[in-house]
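Peer 1: Once you've had a glance at the structure underneath, I'll fire off some questions.
2 protein chains.
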Amino acid sequence: MAQQKKLVEEITSMNEDFAKWYTDVVKKAELIDYSSVRGCMIIRPYGYAIWENIQKDLDARFKQTGHENVYMPMFIPESLLQKEKDHVDGFAPEVAWVTHGGKEKLTERLCVRPTSETLFCDHYANIIQSYRDLPKLYNQWCSVVRWEKTTRPFLRSVEFLWQEGHTMHETKEQAEQETLQMLDVYADFCKESLAMPVLKGQKTDKEKFAGAVSTYTIEAMMHDGVALQSGTSHYFGDGFAKAFNITFTGRDNKLAFPHQTSWGVSTRLIGGIIMTHGDDSGLVLPPAVAPVQVVIIPIAQHKEGVLEKANGLFERLRAQFRVKLDDRDNSPGWKFSEHEMKGVPLRIELGPKDIENNQCVVVRRDNREKTIVSLDNLESAVSEALKAVHDGLYERALKNREDRTYTAKDFDEFVKISNEKNGFIKAMWCGETECEEKIKDVTGVKSRCIPFEEEQISDKCVCCGKPAKSMVFWGKQY
Amino acid sequence: MAQQKKLVEEITSMNEDFAKWYTDVVKKAELIDYSSVRGCMIIRPYGYAIWENIQKDLDARFKQTGHENVYMPMFIPESLLQKEKDHVDGFAPEVAWVTHGGKEKLTERLCVRPTSETLFCDHYANIIQSYRDLPKLYNQWCSVVRWEKTTRPFLRSVEFLWQEGHTMHETKEQAEQETLQMLDVYADFCKESLAMPVLKGQKTDKEKFAGAVSTYTIEAMMHDGVALQSGTSHYFGDGFAKAFNITFTGRDNKLAFPHQTSWGVSTRLIGGIIMTHGDDSGLVLPPAVAPVQVVIIPIAQHKEGVLEKANGLFERLRAQFRVKLDDRDNSPGWKFSEHEMKGVPLRIELGPKDIENNQCVVVRRDNREKTIVSLDNLESAVSEALKAVHDGLYERALKNREDRTYTAKDFDEFVKISNEKNGFIKAMWCGETECEEKIKDVTGVKSRCIPFEEEQISDKCVCCGKPAKSMVFWGKQY
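Quick note, the sequences are listed as chains G and L, same order. The first sequence lines up with residues 0 to 477 when you count with numbering that gives the first Met the number 0. The second sequence lines up with residues 0 to 477 when you count with numbering that gives the first Met the number 0.
Listed below in structure tokens is the structure:
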């Protein structure tokens, strides 16, 4: 296997240098290329095809839950961004400013949207008059810009692709329900389509979104023990509605402010897939979003009948799966390595002997398990093997998270774990930002979330020893 | 009918004020809303759903012809934009400039992409080495910005959504073939999905794209006799390749420059749909891209069994069509007008008497023809009626174009027609830009294209009387 790998292109091993392994994989699996624009990536066909599959899947889930897509301008006038104070404080330091159109200086600067709450609110003020206009359940697929200093492909870039849902509701309860519903949609998608287990929980006040009343998050555990915030869902109360003067006539005939949510996931999920499932041979893709689910590699393809039969399998499988026939001139070993690098979930090998025996060899990318399959029931065997890959990936990722989840009862233990290990640390917290900041200052570790499923580890805050309010997952983050 | 219309919202009549009719329709059919950003529109759910249908259809056509989607950065460094001289001259006057990131002034200005030739070339220089890497057939769906002074929804806006294909080829012939193939894809799409007849032809040198060797266009005729350039396809030769130093080792083992194309259509197509098919009751949508193809309106819905039966039809039809059941409290007449305003191709009326007779009434939006249909073969009747609407729209649009196409043999005739009529003027041309400019200065009319199917109207240029080289379609344009 090691030899075959070298036939294609070497990548750094994970254990040697995880960060280097990551950038090797994104480049050599041809997911991205660097561009001439600092911090902006080029998403290449193979990477973009993963995003298209993510989009298609999520978009169907959004539509099933009653959401409609819209498109808002990519620019926000400075005065509009400033309407909600917490929001502008959070975002103004990291936006790109357009100051000139053609040869003329603009009378008001425009920022390139870092997120679109302000634009949606401006529109909602125009179109919401009565409770009959509610709820408004809008979503937008677009790119956004945040002027980050340090960037990494998919994980943190100046421009990235995402979706942003923005909804307005008659009551607080309905808006809160929407916030949690969309968090569930994200968590289900991560489990069912990305084979990525996530923790669901609430952000502390310190870590919540600029302008939100409460922020919920899904947190995933990467292979190296570093956490990835993979999606967030925010409840805003009526703060933006008041700032933007969005009112509606209620069932009681009185004017009221609607309650708001927003929620988003981005191309960062692709980074999550890479760091959750990848290995030293490259990418490992969950079948639901893999651009190629099955690659057919003919063995001794110059021999009579091999290519013809391989093509027959291709035609059979393409009706149900995303399948590719690799009939290029390179050696089978070279092809094996290339498609392993690209994370194709299943490989089918078909040679003269297989044809003689009316069979083929099916090889799983995740654990390299080989199975001899009769050509008579190829479709069902492929279908089962894809499901097995998905389940195998999920189980392995869950085990990684469990292995990397530690419990700290007091501050010394917390410091010791954070010095020695990467992973989640479960610990009790009094609810004070002061303790959260002290933990970060001493250990470099931030709160990830207050999980929906809390445990009673002790009754004291791990930092100050005062009575604990919540259990918190802490961890280093991408 | 006039009475019903007033039940919803009045729109200006086409003949009274076509421009006002257009803006009334885009607003009242809820396609767009104006935003706080000058010249940028908000595409509302109903408008965006049309765009999603256009995207889905075209994207499948692009993939069938071997193209792959990618995503390039939205910013172009000023130095990159300047690499190809004609291109920068064409675009620099109308770009938005980002000069600050956060609180810092950038060392180099970035423009928001007006089109992405320069970014694709920069990337192609990295990834093309050998003839084996060719062709590269990439496409991108994104938004672009052009700092237009005068804007109109869908037709000309500061930001718009589009796709831009950018391809690289081993030979001139292959690139030229691609250029024409994509023009055909656009023309077929306009005919088959938008019911919009288009002329295919080549732009004159004066009207071609900045930096192109040749530009091909599809030109549609709007209801008011004004032409709409609906899509373009460009052949670049190796000019950009030379400017960006993109080379490949050819089959002869020598270094060569690849040949390039680009092609695009935009949300402007939605403007084309509105002005090709719309009428005084509002929008008329071609079935292939209509968000709702069939609306079911129960008559006397309070009567026993009506809503239940209507819901049964809805469940039957939704398996094959995009269908909506309008069971709101408003009167049927009010609903008729609203769905006419929104251009829904077919309406199904179902009342107690219809139910008694196992029938329903199917009404076409384009000509308001009513047919009584047995519920036994509803699906096939709806399918046929949708096809009939499509064909009816196409025939009507073609007739409009034919009625509005005039022939001018000499300059006086040309001036007379252009003063009295809106439409295409067919006339011979010597090939000199001087004559093209004189025609524009005197009549305000520009060349639309040299059509692929030329006629020999005379042997003299309509302007200077010297020997003619080509027949040209001329016309006022959006």
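Ideal Cβ positions, reconstructed from N, Cα and C, are used throughout, including at glycine. Values in this document were obtained by computation on a predicted structure and should not be read as measured data.
Give me the Cα-Cα distance between residue 266 of chain L and residue 262 of chain G, rounded to the nearest whole angstrom.
Peer 2: 27 Å
Peer 1: Could you confirm whether any beta carbon from chain B is found closer than 8 Å to the beta carbon of residue 74 of chain L?
Peer 2: This model lacks chain B altogether, as its protein chains are G and L.
Peer 1: Secondary structure at residue 168 of chain L, three-state DSSP: helix, strand or coil?
Peer 2: strand
Peer 1: Beta-carbon of residue 167 of chain L versus every beta-carbon of chain G: anything under 8 Å?
Peer 2: no
Peer 1: Grab me the residues of residue 283 of chain L's own chain with a C-beta within less than 8 Å of its C-beta, minus the 5 sequence neighbours each way, in chain order.
Peer 2: The beta carbon of residue 283 of chain L sits closer than 8 Å to those of 276, 277, 342, 344, 364, 365 and 392, all from its chain and outside the five residues before and after it, given in chain order.
Peer 1: Going along chain G, which residues have a C-beta under 7 Å from residue 265 of chain L?
Peer 2: Result: empty, since nearest Cβ-Cβ is about 12 Å, beyond 7 Å.
Peer 1: Do you know offhand how far residue 373 of chain L's Cα is from residue 330 of chain L's?
Peer 2: 25 Å
Peer 1: Using the DSSP secondary-structure output, state which residues sit across from residue 259 of chain G in a beta bridge.
Peer 2: G:167 and G:236
Peer 1: Along the chain, where does the beta strand (DSSP E) that runs through residue 32 of chain L open and close?
Peer 2: That run of the beta strand (DSSP E) goes 31–33.
Peer 1: What residue does the alpha helix (DSSP H) around residue 198 of chain G start on, and which one ends it?
Peer 2: From DSSP, residue 198 of chain G is part of no alpha helix (DSSP H) but of the beta strand (DSSP E) over 198–201.
Peer 1: Got a sec: is the Cβ-Cβ distance from residue 6 of chain L to anything in chain G below 8 Å?
Peer 2: Bear in mind that the predicted position of residue 6 of chain L carries a pLDDT of just 49, short of 50, making it unreliable; the figure below should be weighed with that in mind. Not an interface residue.
Peer 1: Taking all protein chains shown into account, decide if residue 201 of chain G is buried (16 or more other Cβ within 10 angstroms of its Cβ) or exposed.
Peer 2: buried
Peer 1: Give me the chain L residues within the contact set of residue 47 of chain G, using Cβ-Cβ distance strictly less than 7 Å, ordered along the chain.
Peer 2: For residue 47 of chain G, the chain L residues whose C-beta falls within less than 7 Å of its own C-beta are 68, 69 and 70, listed in chain order.
Peer 1: Any residues in the segment 239–252 of chain L with a beta carbon nearer than 9 Å to a beta carbon of chain G? Which ones, in chain order?
Peer 2: none
Peer 1: Taking the alpha carbon of residue 243 of chain G as the reference point, which residue from G:257, G:253, G:252 and G:249 has its own alpha carbon closest?
Peer 2: G:257
Peer 1: Output needed for residue 228 of chain L: all residues of its chain with C-beta closer than 7 Å, excluding positions within five of it in sequence on either side, in chain order.
Peer 2: 216, 218 and 476
Peer 1: What's the C-alpha gap between residue 469 of chain G and residue 92 of chain G?
Peer 2: 32 Å
Peer 1: Could you give the distance in angstroms between the alpha-carbon of residue 336 of chain G and the alpha-carbon of residue 346 of chain G?
Peer 2: 11 Å
Peer 1: DSSP state of residue 56 of chain L, grouped into three classes?
Peer 2: helix
Peer 1: Count the CB pairs spanning the segment 101–117 of chain L and the segment 42–58 of chain L that are closer than 8 Å, and state whether there are at least three.
Peer 2: no
Peer 1: Taking residue 125 of chain G as the query, report the chain L residues whose CB atoms sit under 7 Å from its CB, ordered along the chain.
Peer 2: 32
Peer 1: What does a CB cutoff of less than 8 Å around residue 89 of chain L pick up in its chain, not counting 5 residues either side in sequence?
Peer 2: 208, 209 and 210
Peer 1: If we ignore side chains and look at the alpha-carbon of each, how far apart do residue 40 of chain L and residue 16 of chain L end up?
Peer 2: 22 Å
Peer 1: Would you identify the three-state DSSP class for residue 562 of chain G, choosing helix, strand or coil?
Peer 2: What the structure shows of chain G is the stretch from 0 to 477, and residue 562 of chain G is not part of that stretch, so it cannot be assessed.
Peer 1: Report the rounded CA-to-CA distance for residue 377 of chain G versus residue 348 of chain G, giving the unit in angstroms.
Peer 2: 12 Å
Peer 1: State the start and end residues of the unbroken alpha helix (DSSP H) segment that holds residue 94 of chain G.
Peer 2: First-last for residue 94 of chain G: undefined, no H or E at that position.
Peer 1: One question on the structure: do residue 508 of chain G and residue 232 of chain G come within less than 8 Å of each other, judged by their Cβ atoms?
Peer 2: This structure leaves residue 508 of chain G out entirely; chain G is present only between 0 and 477.
Peer 1: Specify the secondary structure class of residue 20 of chain L as computed by DSSP and reduced to three states.
Peer 2: helix
Peer 1: Measure the alpha-carbon distance for residue 485 of chain G versus residue 181 of chain G and round it to whole angstroms.
Peer 2: Look at the range of chain G in this structure, 0 to 477, and you will see that residue 485 of chain G is not part of it.
Peer 1: Between which two residues does the beta strand (DSSP E) harbouring residue 490 of chain L extend?
Peer 2: Outside the displayed span of chain L (0 to 477) sits residue 490 of chain L, for which this structure offers no information.
Peer 1: Determine the burial state of residue 380 of chain G: buried for a count of at least 16 other Cβ atoms within 10 Å of its Cβ, exposed for fewer.
Peer 2: buried
Peer 1: Express the C-alpha separation of residue 195 of chain L and residue 353 of chain G in angstroms, rounding to a whole number.
Peer 2: 53 Å
Peer 1: When the cut-off is 8 Å and only beta carbons count, does residue 39 of chain L lie next to chain G?
Peer 2: yes
Peer 1: Less than 8 Å between CB atoms is the rule here; does residue 51 of chain L satisfy it with respect to chain G?
Peer 2: yes
Peer 1: Per DSSP, which residues does residue 360 of chain L bridge with? Please list them.
Peer 2: The beta-bridge partner set that DSSP reports for residue 360 of chain L consists of L:348 and L:371.
Peer 1: Compute the beta-carbon to beta-carbon distance between residue 36 of chain L and residue 113 of chain G, rounded to the nearest angstrom, for a pair I have assumed lies under 8 Å.
Peer 2: Their Cβ separation, rounded to whole angstroms, is 15 Å, which puts residue 36 of chain L and residue 113 of chain G out of contact at 8 Å.
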